[in-house]
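Visitor: As numbered in my numbering, residues 1 to 205 make up the sequence shown, in order. Have a look at the structure that comes next, please.
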Amino acid sequence: MALDPDEFNEFRDRMDHIAEMAPLKNEESKELMKKLLGEAFQEIDELVDESRPPRLYVFGRSGAGKSSLINALAGKDVADIGAIEPETTGSKLYNIPFTDHYASWDVVDSRGLFETVPADGEIPVDTVEFMREDLEEYRPDVLIHVMTPGQLRAGEQDFETVSQLRNEFGTAFPSILFCLNQVDTHIPQGEKLEPGKKPIASRGN
Numbered sequence: 001m002a003l004d005p006d007e008f009n010e011f012r013d014r015m016d017h018i019a020e021m022a023p024l025k026n027e028e029s030k031e032l033m034k035k036l037l038g039e040a041f042q043e044i045d046e047l048v049d050e051s052r053p054p055r056l057y058v059f060g061r062s063g064a065g066k067s068s069l070i071n072a073l074a075g076k077d078v079a080d081i082g083a084i085e086p087e088t089t090g091s092k093l094y095n096i097p098f099t100d101h102y103a104s105w106d107v108v109d110s111r112g113l114f115e116t117v118p119a120d121g122e123i124p125v126d127t128v129e130f131m132r133e134d135l136e137e138y139r140p141d142v143l144i145h146v147m148t149p150g151q152l153r154a155g156e157q158d159f160e161t162v163s164q165l166r167n168e169f170g171t172a173f174p175s176i177l178f179c180l181n182q183v184d185t186h187i188p189q190g191e192k193l194e195p196g197k198k199p200i201a202s203r204g205n
């Protein structure tokens, strides 16, 4: 959860007014109260200025459904979805507000992994480089690696890329979650997903 700066500023104005109107006996008591409150509010001001919403970095191959996952997490359409061609040509940062909880998330929708693969089958240098630059620029708190069942079967390069970056960043490498997407397209004929599942955004309580 993130602290809403507007709500805090309104609360601070009220507290300043209460401090000024407090029925204290002398000016020294008023100055002491003002000083104590001022120091506390200064510390909170610094926390508000330095804080940012939790930041998720969503990555995977083109067609894995990264943008669709972001929309599911948000409970609304915030990321562009390409029907045929890869829609995300560069990483995009989305801020997803949850106004009822005075909170928000930052979500980075990265471009697809391995859009060009060398003939020798090695990991493309630009794939590692763009992810390295993204991690340094956005400083995400959590990585979400999105894959389809079909991509999972041939996902050795994906895991090698993550392993290489983990070795480079060491303890600064964020925690990572793996998301198996589009499982409904790989259900055997005649079987169905279990009904009654709630949307992702509606879970948690």
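C-beta: ideal position from N, C-alpha, C; glycine also.
Taking the alpha helix (DSSP H) that N181 belongs to, which residues open and close that run?
Guide: No alpha helix (DSSP H) holds N181; DSSP gives it neither H nor E.
Visitor: Alpha carbon to alpha carbon, how far is V108 from Y102? Give it in angstroms, no decimals.
Guide: Cα-Cα distance, rounded: 20 Å.
Visitor: Can you tell which of L135, T127, F98 has its C-alpha closest to the C-alpha of L73?
Guide: The shortest C-alpha separation from L73 is found at F98.
Visitor: Do you know how far the Cα of F178 is from the Cα of L113?
Guide: C-alpha separation (whole angstroms): 15 Å.
Visitor: What does the alpha-carbon distance come out to for the pair Y57 and D100?
Guide: Rounded to whole angstroms, Y57 to D100 spans 24 Å at the Cα level.
Visitor: From this set, D134, P149, G155, which residue's C-alpha is nearest V142's C-alpha?
Guide: Taking only the C-alpha atoms, the option nearest V142 is D134.
Visitor: Whole angstroms are fine: how far does the CA of R14 sit from the CA of P86?
Guide: In this prediction, P86 has a pLDDT of 43, which is less than 50 and means its spatial position is unreliable; what the coordinates show is noted afterwards. Rounded to whole angstroms, P86 to R14 spans 50 Å at the Cα level.
Visitor: Would you mind listing the alpha helix (DSSP H) stretches within the stretch 148-177 that are 4+ residues and don't spill past its ends, in chain order?
Guide: If we require 4 residues or more, the alpha helix (DSSP H) runs fully inside the stretch 148-177 come out as 149-153, 156-169.
Visitor: Can you find the residues in the same chain that come closer than 8 Å, C-beta to C-beta, to Q182, ignoring five residues on each side of it along the sequence?
Guide: If we look at Q182 and ignore the five residues flanking it on each side, its Cβ neighbours are A64, G65, T148, P149.
Visitor: When we look at the beta-carbon of L69 and count the other beta-carbons within 10 Å, is it buried (16 or more) or exposed?
Guide: Buried, because 16 or more other Cβ atoms sit within 10 Å of the Cβ of L69.
Visitor: Excluding the five sequence neighbours on either side, which residues of its own chain have a C-beta within less than 7 Å of the C-beta of S104, listed in chain order?
Guide: Only A2, P53, N95, I96, P97, F98 meet the Cβ criterion.
Visitor: Does the CB of L113 have a neighbour CB from chain D at under 8 Å?
Guide: This model lacks chain D altogether; it includes just one protein chain.
Visitor: Can you give me the Cβ contacts of L152 inside the same chain, cut-off strictly under 8 Å, excluding the 5 residues immediately before and after it?
Guide: Here the set comprises L180.
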